[in-house]
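Heads up: the structure comes next, in structure tokens.
There are 2 protein chains.
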Amino acid sequence: MPGEIRLKAEVVRNFTAALFERLSLPAEDAERAAQVLVRADQRGVMSHGIKNLIMYTEGLTKGYMNPHPQIRAVAELPVTAVLDGDGGLGMVVGTHAMELAIAKAKTSGTGMVTVRRSHHFGMASFYSLMALPHDMIGIALTNNAGIAVVPTFGAEAMFSTNPISVVVPAGKEPPFELDMSTAVVAFNKVELAYIKGESVPLGWGLDASGETTSDAGGIVSSKLLLPLGGTQITGSHKGYGLGVVVDILCGVLSGGIYGNLIARQPSDDAYRDTSSTHFFAAIRIDAFRPVDEFKASMDDMLRALKDSKKAKGHDRIYVAGEIEHEIEAERLAHGIPYPLPLVERLQGLARQFEIPLEIGD
Amino acid sequence: MPGEIRLKAEVVRNFTAALFERLSLPAEDAERAAQVLVRADQRGVMSHGIKNLIMYTEGLTKGYMNPHPQIRAVAELPVTAVLDGDGGLGMVVGTHAMELAIAKAKTSGTGMVTVRRSHHFGMASFYSLMALPHDMIGIALTNNAGIAVVPTFGAEAMFSTNPISVVVPAGKEPPFELDMSTAVVAFNKVELAYIKGESVPLGWGLDASGETTSDAGGIVSSKLLLPLGGTQITGSHKGYGLGVVVDILCGVLSGGIYGNLIARQPSDDAYRDTSSTHFFAAIRIDAFRPVDEFKASMDDMLRALKDSKKAKGHDRIYVAGEIEHEIEAERLAHGIPYPLPLVERLQGLARQFEIPLEIGD
């Protein structure tokens, strides 16, 4: 498409890793962080990819993200752990924590790891996907300091979009890969409607006076999103409840941030007030059923869903992750299409940090 | 209120236990099952209480529910188990399974138990609430044979309302008690609107032709509910995804029923085709944080939510379970108000099975 340049994932990953090394990360951590971000772009989740390099660069240069965190367990049992991320990048702390959950599941059948004092970890499903090669179910949840969602009947942001990701292996079918925020919609969809001059459905967000509105501009300025379900009559108390569950498992269980705690009780901890907390779980399939039987049932279930009767005007039913799976295959073959402004931002970083970046022609 | 009779929970529980004993359940199991059903009524969840006694009576007399199941572990590790419910009542199998999850968490920090060949277990939060006295987080999920929810872009029921319940202890505040179906709304709310001649919001359900409708009668006859989120533009793919997660953890992981499997592959197992599968987890708080610190954080979070700014026209923000908690306190003091037709149904069962039932005057 015009206005886009296709870059090979490897090129972007190498560039991103080199940037993180310039920003003082150890080579191995720089490589991990780059993998997480570029995989998001590769799957079409551009909101969680290298678009955020500026945010991470700023955090590392201004000192509120820690390039060489001492990640440590503050509590641990064979099947559980609480990690303190020591202000590291979420991609570094997160991969470390999910690896720990997987190691625990290998030994014991399940593993649960909750994490405090980390930072924005990118795409949640990166971590739950890590369970797949081990024939495990992977779960990843996170909150962050950027609160944007109101409780049902509320008019004040009280939690972040608190995503839930659950990934489950299948056999011949692609895995089931759910990765959803517990808000009704992503904020960037509201921004996009605003830029296009379009209205949004009632039930996406509130205006500054706390009323539900179809005016995208009103939501852009209030920054108030509704929980999944929209209004109470269509179940927003459920999305609100799920958002709080994420805050509990990530924030309260780890002793980290949750809700609007930072606004009410700012600290002098250099890392806490920009931080993010996470929760990871890994569940070994063969603790429950033989893996081949389980995968055959998954295939059967996923196919039945796809083959079921379509609503008028639709000719395809998707299962979670199917679209991302198809995008990933195409982008691995043909490169990731980046909008020009984003490529220019990369070129700016390349000049600033003196890192080679091959754009091609 | 006119048209209602208040009955003491104890009276209804004793009657229900006596009925289950007449239906050949061992005294202990009869008492358990009665406790589960009457607690639902006590919390205002009347759709899952003794209203369903006819269903259980029929299942037990017709032989597709087993009054004396041999519940057995078909796979087990210290932290996990798969139970076969042998066609027992969900309330009997479910309490047994949740007790096992709690015992595992006591020893190891967490416990996960999945269950096949059980039946409708009543109110999901009964089981997650069992974790509270042990200072644990309790999780209960279930599916059942009564499929009613369509996938996004679908027009055929492919899973049941697949509820998720998560209960978390707090300190001075009442516990956080989430119990939500992953459908946008309960079917009985559609029926109620139909009886009253009211329309329902677009996004609750589909008519028989597969189109979203505000005609309650159209949904009552099609029996097609939409997933939480309603339509795709307001996030139904998320409710759909969560419904499938419940089906996976309960049905696929246990080797039991899921989706529309029964319709596609009926069996000659006397119990399977009316069955329900469950998933339970218990998480010991002190595996992660000192219990008093955790509870203080919970109190702080829950109070902050309740104290946050209200939307126009609202003067109170609730947290999950708060309404049920208040109803339960009132009903424990003054009895449970049952509508007359339901009381008459109880009296009918009392005559049929020759069980004393004190209605008062």
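Residue numbers (the working numbering), protein chains in the order written: chain S, 1 to 361; chain X, 362 to 722.
Note that beta-carbon positions come from the ideal geometry of N, C-alpha and C, so glycine has one too.
The model shown is predicted, which means the values in this text are computed figures rather than measured ones.
Inter-residue distance for X:A378 and X:R393 is about 8 Å (C-alpha atoms, whole angstroms).
For X:S575, no CB of chain S lies under 8 Å from its own CB, so it is not counted at the interface with that chain. Chain X has a Cβ within less than 8 Å of the Cβ of S:V185.
Between the alpha carbons of X:E719 and X:H481 lies a gap of roughly 28 Å.
Among the residues of chain X, those whose CB is under 8 Å from the CB of S:E211 are A672, K673, following chain order. If you look at S:V113, you'll find it in the beta strand (DSSP E) that goes 110–118.
For X:V581, none of the residues of chain S pass the 8 Å Cβ criterion, the least Cβ distance being about 18 Å. When Cβ-Cβ separations below 8 Å define contact, X:T468 makes no contact with chain S. Contact of S:E156 with chain X by beta-carbon distance below 7 Å involves S669, K670. A check of alpha carbon separations from S:A287 across X:E687, X:V373, X:L438 identifies X:L438 as the nearest. Chain X has a Cβ within less than 8 Å of the Cβ of S:G255. Contact annotation for X:T471 against chain S: V79, T80, T110, M112 [CB-CB distance below 7 Å, chain order]. Assigned with DSSP and collapsed to three states, X:Y632 falls in coil, not helix or strand. Chain X places no beta carbon closer than 8 Å to that of S:K62, leaving this residue out of the contacts. Restricting attention to beta strand (DSSP E) runs no shorter than 3 residues, the stretch 605–675 of chain X encloses them at 637–645, ordered along the chain. The C-beta separation of S:A183 from S:V149 comes to about 5 Å, placing the pair in contact by the 8 Å criterion. Contact between X:N427 and X:G449 holds, with the beta-carbon distance rounding to 5 Å and staying under 8 Å. Contact between the stretch 662–671 of chain X and the stretch 369–376 of chain X is not established, with fewer than three Cβ pairs separated by less than 8 Å.
In the assembly as shown, X:D445 is a buried residue. Its beta-carbon has 16 or more other beta-carbons within 10 Å.
Annotation for X:S575: S560, V561, L563 place their beta carbon closer than 6 Å to its own, counting only its chain and skipping 5 residues before and after. Assignment of beta-bridge partners to X:F520 by DSSP yields X:V510.
Residues of chain X with a Cβ closer than 7 Å to the Cβ of S:M180 are, in chain order, K599, G602.
In the structure shown, S:P337 falls within a strand segment according to DSSP collapsed to helix, strand and coil.
Its Cα nearest to that of S:G243, the residue S:P163 stands out among S:A131, S:P337, S:G109, S:P163. Contact of X:S636 with chain S is not assigned, every C-beta pair being separated by 8 Å or more. Under the 8 Å criterion on CB atoms, X:N523 is classed as non-interfacial with respect to chain S. Interface residue (Cβ-Cβ distance to chain X less than 8 Å): S:E293 is classified as such. Interface flag for X:D608 against chain S is set, since a Cβ pair is found closer than 8 Å. One finds nothing in chain S with a Cβ atom closer than 9 Å to the Cβ of X:V454; even the nearest lies about 17 Å away. The alpha-carbon of S:T274 is positioned some 41 Å away from that of X:S521. Assignment of S:D179 by DSSP, reduced to helix, strand and coil, places it in the strand class. Within chain S, not a single residue places a beta-carbon under 8 Å from that of X:A462; the smallest gap is close to 11 Å. The three-state reading of DSSP puts S:V45 in coil, since its state is none of H, G, I, E or B. Contact between the stretch 97–104 of chain S and the stretch 254–267 of chain S is absent: fewer than three C-beta pairs spanning the two stretches fall below 8 Å.
Those residues of the stretch 186–202 of chain S placed with their C-beta closer than 7 Å to a C-beta in chain X are P201, ordered along the chain. Contact between X:L502 and X:H639 holds: their C-beta atoms lie close to 7 Å from each other, under 8 Å.
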